[in-house]
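All letters in the sequence shown, in the order written, are residues 1 to 90 by UniProt numbering.
Yeah, the Cβ is synthetic: ideal placement off N, Cα and C, and Gly gets one too.
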Amino acid sequence: MLKKQFVVYGIVQGVGFRYFTWKKATEIGLNGIVKNQRDGSVYILAEGSASQIDSFRDWLSHGPPSARVDRVEENDYSGTRSFGLFSVEH
Numbered sequence: 001m002l003k004k005q006f007v008v009y010g011i012v013q014g015v016g017f018r019y020f021t022w023k024k025a026t027e028i029g030l031n032g033i034v035k036n037q038r039d040g041s042v043y044i045l046a047e048g049s050a051s052q053i054d055s056f057r058d059w060l061s062h063g064p065p066s067a068r069v070d071r072v073e074e075n076d077y078s079g080t081r082s083f084g085l086f087s088v089e090h
């Protein structure tokens, strides 16, 4: 099981990005969270298999049609937090 952190930059707040991210992560079968950050980016912590993470990363690179993704930063997550599902945090 892999745990990855993503930060997505661009026009990603106020366009339903968290909802569509939750929907895609749930479709893929990932666990984790998505939340807006004060700097206008969106933070995602996702855990799943390598193929699930690969599929999710591909989707994040463009996001939903309402968003404009400029860049995605990805890092391994070494924390101890774990999840039973994927949810939107406020």
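Rounded C-alpha distance that separates residue i from residue j
{"i": "residue 11", "j": "residue 81", "result": "28 Å"}
{"i": "residue 67", "j": "residue 36", "result": "14 Å"}
{"i": "residue 20", "j": "residue 64", "result": "6 Å"}
{"i": "residue 48", "j": "residue 1", "result": "5 Å"}
{"i": "residue 154", "j": "residue 44", "result": "Residue coverage of the chain in this structure runs from 1 to 90, which leaves residue 154 outside it and unanswerable."}
{"i": "residue 41", "j": "residue 18", "result": "11 Å"}
Sheet register partners of residue i (DSSP bridge)
{"i": "residue 32", "result": "46 and 86"}
{"i": "residue 19", "result": "None; residue 19 has no bridge partner."}
Minimum Cβ-Cβ distance from residue i to chain C less than 7 Å
{"i": "residue 83", "result": "Among the chains in the structure shown there is no chain C, since it carries only a single protein chain."}
Burial state of residue i (16 or more Cβ within 10 Å)
{"i": "residue 84", "result": "exposed"}
Next item on the list: Report yes or no: do three or more beta-carbon pairs, one from the segment 69 to 83 and one from the segment 3 to 22, lie closer than 8 Å?
Entry: yes
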